[in-house]
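*Asks:* Next up is a structure, given as C-alpha cells.
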Amino acid sequence: MVTHLSMRVPWRDQPWDDRLCAHPLDNSSCLLLKNIGAKRDDDYEVAHALQDIGTLNAIPCLSERGTFMSPNGYQVTKVHPYGTYPALKGHLEPTVLSMPPYSFEAVPFRWMARESFEKDLWPNWRGDYDPDAEARVGQVLGLKKPTWIMDGRNQQSVIRSFFEPVLVGSSLVFVYLKHSPLQDDRTDRLLVGAAMIESIAYPGFWNQSGDQPFDSSMWETKVVHSLRADQQQGVLLPYQKLVELMDQGVDVSPALAWVPEGRNTEFSFVTEHVSSDLAIDALASLRSAAEGMQNLGIEVPASALSWIDRQMHRLWDERGPVPGLAAVLAHLQVRHAHVVARELTQSRKEPWQVLDDGFADSTTWPEALRGMISPSVGLEWTHTDPRVRTVYKLLSTMDVRPDQIAMIMSGKSAGGLEAVDLLDDPYLAAVCTYSDLQQIGLRTVDRALFPSAHARWASQVPPECRITDHRDWRRVRALMTDVLRMAATSGDTIVAASDVIDRIKGMDIVDPVTLSPALLKGLKLDAENLESADLWSPFYGAKLGKDQPAYKLAELIEAKRKILEWTEPRFEASTFPFNFDPRKQIDITLKAGGHGSALDEDEEAARAEKAAGLVELFRSRISVLVGPAGTGKTTLLKALADLPEISNKGVLLLAPTGKAAVQMRTKVGREARTLASFLVKKGGFDPDRDLYRQVDSKFAQDAGLVVIDEASMLTEEMLAATLSALGNVQRLVLVGDPRQLPPIGAGRPFVDLVNRLRPESFDTAAHVGPSYVELTVSRRQGGDGRDDVLLAQWFGDGEVGAGADSVWERLRAGTTSEQVEYRPWSKGDIVTSVDEVLNEVVDWSKHSDLETAFKLSYGGKLSEDGKYLNWVTGKGGAGEGVERWQILSPFRSRAFGTVEINRHIKRKLRTHDLALAFRYKGWRNPKPLGPEQIVRGDKVMQTQNNSRAKAFPKESGLDYVANGEIGVVVGRWSNTPRMPANVEFSSQIGATYGYWPSSQEDPPLELAWAVTVHKSQGSEFETTILVLPKRARVSRELLYTALTRQRNRVVILHDGSVEELVELAHPRYSETARRLTDLFVASSPTVIEVDGVPQPFDSNLIHVAINGEMVRSKNEVIVADILEKVVPGRWRYEVLLKGDDGRWCRPDFTISRPSGVPVYWEHLGKMNQPSYAKRWDEKLEWYRRNGIPPALDSEGRPLAEIKEGPNGLLVWTDDAKGVDTPAWTEMARAILGTTAATGKPRQGSKVARPS
C-alpha cells in the first residue's frame, strides 16, 4: 500500500522560491512556528528583502521548508540541540546539511517522539528498534525519560520505517500551512499544493568525535519533488494574490483549499503519512480552490488542473478496496499490522478470504505471513459474533485509524453508536461520531460505498452492507446531516429545506446527488414527515417563518426543548410580591460603592430606571437585564443580591469567561464561577471535546437567585446545559448586551430571549416590562454624551441618539475628546502609529529606563529603594494592573494583527528580561515559553481551557484557567536551573499557575499587549487602542464590542477614511441578523445583497422599509413607509448633509421636493433622557443656524405659517408618548403634500385582456 506525505511550510509573501520575503514585518504568520518565532532577525531580513535566501546568514525559514520551490538549493549548518549536555560536550560538532533544489527537509516528529512511537506506532510497524538503547541514553544524559528517540541506530531505523511505504515516482507530497493571513483564528490546515516525490535521501550521522557515548543521527530526510513554476507536474496555489484581493474587501473563501475535516492529525507534526484515500480528498480540495481562484480572476495553469485529474484517477487504483485493513488488524492485536496488511493486499486472493482461512486453519497462511499472526488472534476471531466480524470487514473498506475503530467497537461514541448498527447503515460511522475527537468524516464512508467508476478494483464492502442507489435514503440522510452541521458551525440552528437541497447539489463527492422535494418525500426525509420524533434521526423537520419547511439537528432540538421547558412556564408563573423601597435600595448600593448623593438630571434618570428594574427582577422568576457597558447592570445586580429575601436563599453567579466571573465577584461581592467550571464536574461540559451536554437531574443545584452574565456569548447548547444543571431556582437573570458579538457556535439564544421579552412599547420612561429590564442611561463619567458612547450607538442595533452624528464630524475634523481619538495610520504604517499612541499612554517619566517605565504601565512595581522592578501578586499587584491599557485588532495575522504588534513591542521594550532568561548560570528568569519566547514580565493570554490547572497557593484560585484570560508572568529571579513561569491572571488575583517550557508548537500562552476583539469580549480596560485596516471585512457587532471595552478612552487607528468607518455601521453588516434560529420565534429568511453578494438575513432582526431600504429601528420603518405612501421614490436614508458652517450631519431621512427645497426628517427615540433631549436642542439650533428652520412647534405639530429656509425645512417625530402613525402621517401630508405614484411598471398577467 503506497503512502503519501504531508509537509508543513511557513507562510511567505513570495511563492516559496529562493527570495526572502518582500515585506518581512508584514509576515507575522510564520512567527507562530517556534523555530522562526524564536530566531528571526527582523532588522536583518528587512535589510535583505527579496535577496537570495541561500546566500544570507541564518534565515530560519530555510529549515522550515520555506524555499521548497527554490531552483538553487541551499546549505545550513545544524547544531545538535543536546550538544551542550556535559556527556555530549565535545562529541557532537556542527554539521552542514546540503539541500538540493526543489526539496524539503522532511522530519516525522510524531515518530521521533519516544512516547508516541513506543505506544502507538512501534507495535504496527516492523523495525529494528531497541528500547534498552534508549534507556541507556537516558542514563548517560541524566534524564529519567528523554522526550525524543535519542540513540542513533534507533533514529535511523525509525526514519527508514517511516519512509518504507513512501515510493519514489508514486507517492505524492502535500504542502500545507498551519498559520497564514488567510486562516487567522482558524485551526484547520490550508493546503498549498501537491507534487510527486522524485527522490528520497536518508540522513547520516552527526559529525562525531569517534568516542561519543552513543551515536546520534540527523533527522532531516531530503525529499525532492516534481513541482516547478510551470506546474506541469504538480500544483501550487498562488495564495499571495488572494491576500491582495482580501485587502480590497473581496470574499476569497471559495479559493481556499482546506484540509478535509477531521484530518488534522495527518497534517500535523511537520511530516506525516497521508493515505491514498485522504490524498484523493486533498486533491479535490485543491482543485475546487483552483477553480475558485480562476473565478476571481487569478490564473492557475490548466496543466495544474490536468495533473490533479490524472493523479486522482491513479490514486483511486492505489487506494484499493481495503485502506483500513491495517487499522483493523492493529485493533485485533496483530503485530506489525501495516506489514501484514501490505502482504495481504498484494495477494491474488481477497484479503479477507486469506484472513478467514488463516484464522480458521493456521496452516493455510501464505509463506510471507507465517509466524506473523499469533494463534490467539485467530481464536478470538473465530469466536467473535459473526455480525461483529462483518463490521470489522466493513470498517476495513474505509480509511480509518486504530483509535477510530476502538471508539466504534466500544460503543462510546458521542452519538451512542452500537457497532452492529453499521450493518444496516454504514453512514452512521460519520453521522454518530461528529463530536468525537476520533471523528470519521462523511467522505471517508462515502468513498468506501461509492468508489470512482474508473477504479480498477472490486468493492469489498460486505454484501449485506452495500448500497447501490446513489440517492439511497441512508446516503441522503448523511449528506443532509453534514449540511446541517456545517450550518450550525456557522451559527444557524435551522436550515430551510430548499437551502439543504441546494447545498447538497454543490457538494464535492464522487457520485453527486441532486435532490427534489418530491424525492425527499418519497424517501420519507421531507420536513413534514420528520416533524415527529417517534423514531431516531440525526435531524428532524422544523418550520421557518411563514411555515417554510426546514430541518434542525436532533441535539439542537433537544437544546431548544430544554430551554423552552425551563423558561416558558416561568414566564407564565405568578410573580413574587415586593415590600421594599426600590429607590432606597439603589441609593444604598450606590453609596456603599462610593457614589455620592449629588444628582444631576441623568443620574436621577439612571437611578429611576434602576429602581424600576429592581422591582421587575425581584418579581420575575426569569428575566433579562440588558444594556451597554457603563449603564450599571452589575450595580443593579448587587442591589438585588443584597436584599435579605434574595441573599438568604443563596446566590449563584455564573459567566462564560473567567474575566466576567471576576468582575461579577468584585462588583456584586459574592463568589462567581465560570460556566465550564460549574458544569465540568456535573458532566455538563467535556473540556477535551469542548462539548456541552445536559446534566443528570441528580446533579442539579438549587439556589434562590442565579445570574448568568455575558449571556450574549452563550450558544443554545451552552444555555441548555446550564439550565439542566439548575434545580429549584426561584429567580434566573440573564445579563448582557445583545449588540455584542454573537456566540462562537450555534444560535444566539440571548438575542432571541431578549426579542421574546422586549415589549413593543413602554408605558414609562424606564424600559421595563414583564421579565424585561433594559438600562439605557450611561453613568460612566460624562454619561450618554460621551463620544465613545455616541460612537458605539452607531454600531448597535437600534436608533442612535440625537446629535450622535456629531461624533462623526469630530472624527472627520480630527478633534480629540476625552473619550475618543481617531487617527489615520502614520504614513500608512501601523507600527509607527502604535508607537506614537504608546508614547502617550505609557507614563515614561516614571523611570529613566524605558523598559522599566513600560513594565510599570501594566502592573510592575518598583522596590522601595527604586532599584528593582518586581512583579507582585495579590492586591495592587500585577494582575490588577495588567488591564490598564489594551491594544485590540480584528485580526491575528499581518502587520496590523496581534502577533506582529506583540512581537514589535517585545522586540523594542522587552529585550532585557529575554536576555536574562537565556543565562545558563547565576540569577535568571525562567526559560522562554513557545515561539513568542514568553518570559517573566510579559503580558499573556491563555489560549485553551484548562480544567486540570492547579492554583498556588492552594484554594487561592478557581483551579481552572479559561481560554481568553489575561495575566502577567510573575515571580522573582532565581538561580535554580529549572523553574516554571508563574502567571497571575486578572481574573484570579492572588493565585498563580505554573507553565513549563515545552516542545509543542501550540503553547497554552500567547503574548497579549495586543489581543483580538473576539478574545477581549467580557473584559474591560481603562484605555483601548483599536487597530483597523482599510476595507476590513468585519461585522458591526465586532466593532460595537471593540468600542465598548474601554472604561475611559479609546484610540482608533484606522488605515482608511471616516466614511469607510461609517459604512461599517450599516445594518447590512450585522452578523447576528444573518443567523437563522427558531428558539422562540422562527426566523423568516430574506435575501439582501451585501457588497454584491446575496446574503440571507433574519427579517425578525432587521428593519426593512417597504421599498427594501434597511433602516435602524422599527419606528424608522414606520417613518419610511409613511414617506413611501406620501412621497414615493423621493426620499433617501442617512444621506450626508454639509451645513454652511462646514460641519456635516446625517439626517435620518432626506426628502426632495419639486421646489428644490429639501425636507429633513429626524426620528427621536430617547427623548425621555435629559442628556438626549439636550443634545436634540443643540442639533435643532444647528439646523436653524444653517438655514434649515423647523416646520413644527415644540409639541411636534405643523406651524401655522411655515417658512422655508434657504437650505431646507426640518421635521421630526418621537415616540416618548408611543408611536402615533396616524398623527405622523397627517404631519407628513401637511408638510410634504401628496405625490401620486407614477412611472412604476404595471404588474399583472402578461396574457390578461381588458374585459
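Per full-length UniProt numbering, residue 1 is the first one in the sequence shown, and the count goes up by one each step. We put the beta carbon where it would ideally sit given N, CA and C, even for glycine. All values reported here derive from a predicted model rather than from experimental measurement.
Identify, in the order they occur along the chain, each residue of the same chain with its Cβ nearer than 8 Å to the Cβ of V46, setting aside the five sequence neighbours on each side.
*Replies:* Translated into the one-based positions of the sequence shown, residue 46 becomes position 46. P24, L25.
*Asks:* Could you have a look at F359 and say whether DSSP puts it in helix, strand or coil?
*Replies:* Here residue 359 is taken as the residue at index 359 of the sequence shown, counted from 1. Reduced to three states, the DSSP call for F359 is helix.
*Asks:* Does E1178 get closer than 7 Å to chain D when you measure Cβ to Cβ?
*Replies:* You won't find chain D in this structure, because it holds only one protein chain.
*Asks:* Please look up how many angstroms separate the CB atoms of L422 and V391, rounded, as I've assumed it's under 8 Å.
*Replies:* Position 422 of the sequence shown, counted from the first residue, corresponds to residue 422. Position 391 of the sequence shown, counted from the first residue, corresponds to residue 391. Indeed they touch by this definition, with Cβ atoms about 5 Å apart.
*Asks:* For the alpha helix (DSSP H) holding V76, just list the boundary residues, first then last.
*Replies:* The residue given as residue 76 occupies position 76 in the sequence shown. Element bounds for V76: not the alpha helix (DSSP H) but the beta strand (DSSP E), 74-78.
*Asks:* Can you give the beta carbon distance from V751 to T1072, rounded, assuming they're within the 8 Å contact cut?
*Replies:* Numbered from 1 along the sequence shown, position 751 holds the residue referred to as residue 751. Numbered from 1 along the sequence shown, position 1072 holds the residue referred to as residue 1072. Indeed, because the Cβ distance is near 6 Å, the residues count as touching under 8 Å.
*Asks:* For residue 1266, count neighbouring Cβ atoms within 10 angstroms of its own Cβ and tell me buried if that reaches 16, exposed if not.
*Replies:* Since the first residue shown for the chain is 1 and the last is 1251, residue 1266 is missing from the structure and cannot be characterised.
*Asks:* Tell me the rounded alpha-carbon separation between R12 and P1147.
*Replies:* Taking the first residue of the sequence shown as 1, we reach residue 12 at position 12. Taking the first residue of the sequence shown as 1, we reach residue 1147 at position 1147. Straight-line Cα distance between these residues: approximately 47 Å.
*Asks:* Roughly how many angstroms lie between the CA atoms of L1232 and W1161, to the nearest whole one?
*Replies:* Indexing the sequence shown from 1 puts residue 1232 at position 1232. Indexing the sequence shown from 1 puts residue 1161 at position 1161. Distance between the alpha carbons of L1232 and W1161: 11 Å.
*Asks:* Measure from the alpha carbon of R756 to the alpha carbon of each residue in A1082, F952, L237, then state which is nearest.
*Replies:* Within the sequence shown, residue 756 is the residue found at index 756, counting from 1. When only C-alpha atoms are compared, the closest one is A1082.
*Asks:* Determine the extent of the alpha helix (DSSP H) in which F571 is found, giving its start and end residues.
*Replies:* Here residue 571 corresponds to residue number 571 of the sequence shown, with the count starting at 1. That run of the alpha helix (DSSP H) goes 554-572.
*Asks:* Have a look at R485, A453, P462, W457 and flag the residue whose alpha-carbon is nearest the alpha-carbon of H470.
*Replies:* For the purposes of this step, residue 470 is taken as residue 470 along the sequence shown, with counting starting at 1. Per the Cα distances, A453.
*Asks:* Are the CB atoms of R310 and D277 within a distance shorter than 7 Å?
*Replies:* Locating residue 277 in the sequence shown gives position 277, where the first residue counts as 1. Locating residue 310 in the sequence shown gives position 310, where the first residue counts as 1. Cβ atoms of D277 and R310: not closer than 7 Å.
*Asks:* Measure the CB-CB distance between W885 and A878 and report whether it falls below 7 Å.
*Replies:* Taking the first residue of the sequence shown as position 1, residue 885 is located at position 885. Taking the first residue of the sequence shown as position 1, residue 878 is located at position 878. No. Outside cutoff.
*Asks:* At which residues does the beta strand (DSSP E) containing M941 begin and terminate?
*Replies:* Translated into positions along the sequence shown, residue 941 becomes position 941. Counting along the chain, the beta strand (DSSP E) containing M941 begins and ends at 939-942.
*Asks:* Where does Q800 sit, in a helix, a strand or coil, going by DSSP?
*Replies:* The residue you call residue 800 lines up with position 800 of the sequence shown. Note on identity: in this sequence residue 800 is Val, with Gln being the wrong assignment. It is coil, neither helix nor strand.
*Asks:* Skipping 5 residues on each side, what residues in its chain have a beta carbon closer than 6 Å to that of V831?
*Replies:* If you number the sequence shown from 1, residue 831 lands on position 831. For V831, where only same-chain residues beyond five positions count, the Cβ hits under 6 Å are H904.
*Asks:* Answer yes or no: the CB of V252 versus the heavy atoms of the ligand FMN, is any distance below 6 Å?
*Replies:* Looking at this structure, you won't find the ligand FMN or any other ligand, since it has none at all.
*Asks:* So, helix, strand or coil for F576, using DSSP?
*Replies:* Locating residue 576 in the sequence shown gives position 576, where the first residue counts as 1. Coil, per DSSP.
*Asks:* Between which two residues does the beta strand (DSSP E) carrying A606 extend?
*Replies:* Indexing the sequence shown from 1 puts residue 606 at position 606. First-last for A606: 601-619, but that is the alpha helix (DSSP H), not the beta strand (DSSP E).
*Asks:* Is there contact between the region 216-227 and the region 190-201, where contact requires at least three CB pairs shorter than 8 Å?
*Replies:* With a cut-off of 8 Å, the region 190-201 and the region 216-227 count as touching, because enough Cβ pairs lie within range.
*Asks:* Between the region 651-662 and the region 983-990, can you find at least three pairs of beta-carbon atoms closer than 8 Å?
*Replies:* A contact exists between the region 983-990 and the region 651-662.
*Asks:* To test your reading of the DSSP string, which unbroken beta strand (DSSP E) runs of 3 or more residues are found completely within the region 218-300?
*Replies:* Entirely contained in the region 218-300, the beta strand (DSSP E) runs reaching 3 residues are, in chain order, 221-225, 234-236, 271-274.
*Asks:* Whole angstroms is fine: what's the gap from Q212's alpha carbon to K681's?
*Replies:* Position 212 of the sequence shown, counting from 1, holds the residue named residue 212. Position 681 of the sequence shown, counting from 1, holds the residue named residue 681. One C-alpha to the other measures close to 52 Å.
*Asks:* Nearest by alpha-carbon distance to E261: which of I440, A229, F174 is it?
*Replies:* Residue numbering aside, residue 261 sits at position 261 when the sequence shown is read from its first letter. Out of I440, A229, F174, I440 has the C-alpha closest to the C-alpha of E261.
*Asks:* Do G152 and S217 have their CB atoms nearer than 7 Å?
*Replies:* For the purposes of this step, residue 152 is taken as the residue at position 152 of the sequence shown. For the purposes of this step, residue 217 is taken as the residue at position 217 of the sequence shown. Yes; because the gap between Cβ atoms is below 7 Å, this pair is in contact.
*Asks:* By a C-beta neighbour count over all protein chains shown, 10 Å radius and 16 as the cutoff for buried, is L283 buried or exposed?
*Replies:* Position 283 of the sequence shown, counting from 1, holds the residue named residue 283. L283 is buried by the Cβ-count criterion.
*Asks:* Measure from the alpha carbon of A711 to the alpha carbon of each residue in V899, A1173, T657, L296, then state which is nearest.
*Replies:* In the sequence shown, counting from the first residue as 1, residue 711 sits at position 711. Residue T657 is the option with its Cα nearest to A711.
*Asks:* Taking the continuous alpha helix (DSSP H) assigned at V340, which residues delimit it?
*Replies:* For the purposes of this step, residue 340 is identified with residue 340 of the sequence shown, where counting begins at 1. Looking at the DSSP string, the run of the alpha helix (DSSP H) that includes V340 is 337-345.
*Asks:* Rounded to whole angstroms, what is the Cα-Cα separation between M507 and T514?
*Replies:* Position 507 of the sequence shown holds residue 507. Position 514 of the sequence shown holds residue 514. Each residue's Cα considered, the two are about 10 Å apart.
*Asks:* With a CB to CB cut of under 7 Å and the five nearest residues on each side skipped, what residues in its chain are close to D959?
*Replies:* Along the sequence shown, read from residue 1 onward, the residue named residue 959 stands at position 959. A949, K950, A951.
*Asks:* For residue 1265, which of helix, strand or coil comes out of DSSP?
*Replies:* Given that the chain is displayed from residue 1 to residue 1251, the structure contains no residue 1265 and the question cannot be resolved.
*Asks:* Work out the CA separation of L1209 and V1157 for me, nearest whole Å.
*Replies:* For the purposes of this step, residue 1157 is identified with residue 1157 of the sequence shown, where counting begins at 1. For the purposes of this step, residue 1209 is identified with residue 1209 of the sequence shown, where counting begins at 1. Going by the C-alpha atoms only, they are around 7 Å apart.
*Asks:* Going by DSSP, what residues sit across from Y993 in a beta bridge?
*Replies:* Position 993 of the sequence shown, counted from the first residue, corresponds to residue 993. Answer by DSSP bridge pairing, in chain order: V983.
*Asks:* Using C-beta distances below 7 Å, list every residue in its chain close to P15, excluding the 5 sequence neighbours before and after it, in chain order.
*Replies:* As a first step, residue 15 is located in the sequence shown; it is residue number 15 there, counting from the start. Within the same chain, P15 has close Cβ partners M69, L236, P238, Q240.
*Asks:* Mind listing, in chain order, the continuous alpha helix (DSSP H) runs of no fewer than 4 residues lying wholly within the region 438-483?
*Replies:* Counting only runs of 4 or more, we get 442-449.
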